[in-house]
Amino acid sequence: MNLISPVIIAVVYIALCSLLSEPTRQKFNALMIAGAGAVYTSGGGMGAWELAFGAVLTFCAYKGLSDYRWIGLAWLLHTAWDVVHHVKGAPIIPAFEHSSLGCAICDPILAVWMFRGAPAVQTWLTPKRAAV
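Quick note: the sequence shown uses the working numbering, first residue 192, plus one each step.
See below:
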(Lines of atoms letter the chains of each structure in order from A; the text may use other names.)
(Lines give C-alpha, C1' and ligand atoms only; values in the text may rest on other atoms or scores of the structure.)
Protein backbone atom coordinates (compact mmCIF):
# COMPACT_ATOMS: atom_id res chain seq x y z
CA MET A 192 0.00 0.00 0.00
CA ASN A 193 1.19 3.47 -0.80
CA LEU A 194 1.35 5.41 2.48
CA ILE A 195 1.28 8.76 0.67
CA SER A 196 -2.17 8.22 -0.89
CA PRO A 197 -4.11 8.62 2.40
CA VAL A 198 -2.28 11.89 3.07
CA ILE A 199 -3.13 13.14 -0.42
CA ILE A 200 -6.77 12.13 0.11
CA ALA A 201 -6.88 14.11 3.38
CA VAL A 202 -5.32 17.18 1.76
CA VAL A 203 -7.72 17.04 -1.20
CA TYR A 204 -10.69 16.61 1.18
CA ILE A 205 -9.56 19.64 3.21
CA ALA A 206 -9.05 21.71 0.06
CA LEU A 207 -12.49 20.83 -1.30
CA CYS A 208 -14.19 21.46 2.05
CA SER A 209 -12.45 24.83 2.15
CA LEU A 210 -14.63 25.85 -0.78
CA LEU A 211 -17.67 25.63 1.51
CA SER A 212 -18.46 28.67 3.62
CA GLU A 213 -19.35 28.45 7.29
CA PRO A 214 -21.63 27.13 8.72
CA THR A 215 -22.11 24.84 5.70
CA ARG A 216 -18.56 23.48 6.10
CA GLN A 217 -19.23 22.48 9.71
CA LYS A 218 -22.59 20.88 8.92
CA PHE A 219 -21.08 18.98 5.98
CA ASN A 220 -18.24 17.64 8.13
CA ALA A 221 -20.67 16.57 10.86
CA LEU A 222 -22.65 14.70 8.23
CA MET A 223 -19.49 13.07 6.85
CA ILE A 224 -18.36 11.74 10.22
CA ALA A 225 -21.85 10.43 10.95
CA GLY A 226 -21.62 8.50 7.68
CA ALA A 227 -18.10 7.33 8.49
CA GLY A 228 -19.48 5.83 11.69
CA ALA A 229 -21.76 3.60 9.66
CA VAL A 230 -19.37 2.35 6.97
CA TYR A 231 -18.36 -0.81 8.81
CA THR A 232 -21.92 -1.72 9.83
CA SER A 233 -22.63 -3.93 6.83
CA GLY A 234 -20.12 -6.62 7.65
CA GLY A 235 -17.20 -5.03 9.41
CA GLY A 236 -16.69 -8.12 11.49
CA MET A 237 -17.30 -6.70 14.97
CA GLY A 238 -20.96 -7.67 15.29
CA ALA A 239 -23.10 -5.50 17.56
CA TRP A 240 -20.06 -3.36 18.41
CA GLU A 241 -20.38 -1.88 14.91
CA LEU A 242 -23.83 -0.54 15.83
CA ALA A 243 -22.58 0.84 19.14
CA PHE A 244 -19.67 2.53 17.39
CA GLY A 245 -22.02 4.04 14.82
CA ALA A 246 -24.18 5.42 17.62
CA VAL A 247 -21.16 7.00 19.34
CA LEU A 248 -20.05 8.68 16.12
CA THR A 249 -23.60 9.86 15.43
CA PHE A 250 -23.66 11.47 18.88
CA CYS A 251 -20.29 13.13 18.17
CA ALA A 252 -21.59 14.33 14.80
CA TYR A 253 -24.64 15.86 16.44
CA LYS A 254 -22.48 17.67 19.00
CA GLY A 255 -20.17 18.63 16.13
CA LEU A 256 -22.91 20.70 14.55
CA SER A 257 -21.98 23.38 17.08
CA ASP A 258 -18.38 22.51 18.01
CA TYR A 259 -15.67 21.25 15.64
CA ARG A 260 -13.85 19.55 18.52
CA TRP A 261 -16.52 16.85 18.59
CA ILE A 262 -15.92 16.15 14.92
CA GLY A 263 -12.18 15.97 15.62
CA LEU A 264 -12.81 13.52 18.46
CA ALA A 265 -15.00 11.42 16.17
CA TRP A 266 -12.23 11.22 13.55
CA LEU A 267 -9.80 10.04 16.23
CA LEU A 268 -12.30 7.40 17.36
CA HIS A 269 -12.69 6.33 13.74
CA THR A 270 -8.90 6.08 13.48
CA ALA A 271 -8.84 3.67 16.41
CA TRP A 272 -11.68 1.64 14.86
CA ASP A 273 -9.75 1.52 11.56
CA VAL A 274 -6.72 0.11 13.39
CA VAL A 275 -8.86 -2.57 15.05
CA HIS A 276 -10.29 -3.55 11.67
CA HIS A 277 -6.87 -3.58 10.03
CA VAL A 278 -5.40 -5.80 12.75
CA LYS A 279 -8.41 -8.14 12.60
CA GLY A 280 -8.19 -8.31 8.80
CA ALA A 281 -11.65 -6.84 8.19
CA PRO A 282 -10.92 -3.82 5.94
CA ILE A 283 -13.34 -0.98 5.32
CA ILE A 284 -13.32 -1.89 1.60
CA PRO A 285 -13.01 -5.68 1.36
CA ALA A 286 -11.52 -5.51 -2.15
CA PHE A 287 -8.63 -3.40 -0.82
CA GLU A 288 -6.77 -5.31 1.88
CA HIS A 289 -5.13 -2.25 3.44
CA SER A 290 -8.02 0.21 3.12
CA SER A 291 -8.52 0.43 6.89
CA LEU A 292 -4.83 1.19 7.36
CA GLY A 293 -5.11 3.95 4.76
CA CYS A 294 -8.13 5.32 6.57
CA ALA A 295 -6.19 5.21 9.85
CA ILE A 296 -3.53 7.41 8.23
CA CYS A 297 -6.01 9.85 6.67
CA ASP A 298 -8.36 10.29 9.63
CA PRO A 299 -5.96 11.89 12.16
CA ILE A 300 -5.06 14.54 9.58
CA LEU A 301 -8.74 15.41 9.35
CA ALA A 302 -9.00 15.35 13.15
CA VAL A 303 -6.18 17.89 13.53
CA TRP A 304 -7.88 20.14 10.98
CA MET A 305 -11.16 19.88 12.91
CA PHE A 306 -9.45 20.63 16.24
CA ARG A 307 -8.09 23.81 14.60
CA GLY A 308 -11.65 24.81 13.67
CA ALA A 309 -11.41 23.58 10.04
CA PRO A 310 -9.99 26.82 8.67
CA ALA A 311 -10.27 27.31 4.92
CA VAL A 312 -7.02 26.66 3.05
CA GLN A 313 -7.29 30.16 1.60
CA THR A 314 -6.83 31.64 5.10
CA TRP A 315 -3.53 29.79 5.54
CA LEU A 316 -2.01 31.85 2.77
CA THR A 317 -3.49 35.20 3.76
CA PRO A 318 -1.24 37.32 5.99
CA LYS A 319 -2.86 38.25 9.27
CA ARG A 320 -3.29 41.95 9.92
CA ALA A 321 -2.31 43.38 13.25
CA ALA A 322 -5.12 44.90 15.29
CA VAL A 323 -4.96 48.67 15.62
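Each residue gets a CB set at the ideal place from its N, CA and C atoms; glycine is no exception.
As the structure is a prediction and not an experimental result, all values here were calculated from the model.
Please state whether the Cβ-Cβ distance between residue i and residue j is less than 7 Å.
| i | j | result |
| --- | --- | --- |
| Val312 | Ser209 | yes |
| Leu267 | Cys251 | no |
| Gly280 | Pro197 | no |
| Thr232 | Glu241 | yes |
| Ile262 | Ile224 | yes |
| Gly308 | Tyr259 | yes |
| Phe219 | Leu207 | no |
To the nearest whole angstrom, what separates the beta carbons of residue i and residue j, a pair I think is in contact under 8 Å?
| i | j | result |
| --- | --- | --- |
| Gly255 | Gly228 | About 11 Å; that fails the 8 Å criterion. |
| Ile300 | Ser291 | At roughly 16 Å, the Cβ-Cβ gap does not stay under 8 Å, so Ile300 and Ser291 are not in contact. |
| Cys297 | Ala201 | 5 Å |
| His277 | Ala302 | With a Cβ gap of about 17 Å, His277 and Ala302 do not count as contacting. |
Hey, quick one: how far does the alpha helix (DSSP H) through residue i stretch, first residue to last?
| i | result |
| --- | --- |
| Thr314 | 312-316 |
| Gly226 | 215-227 |
| Ser196 | 195-208 |
message: I'd like the ranges of any alpha helix (DSSP H) spanning at least 4 consecutive residues and lying wholly in the region 230-295.
response: If only complete runs of 4 or more residues are kept, the region 230-295 shows the alpha helix (DSSP H) at 239-255, 259-279, in order along the chain.
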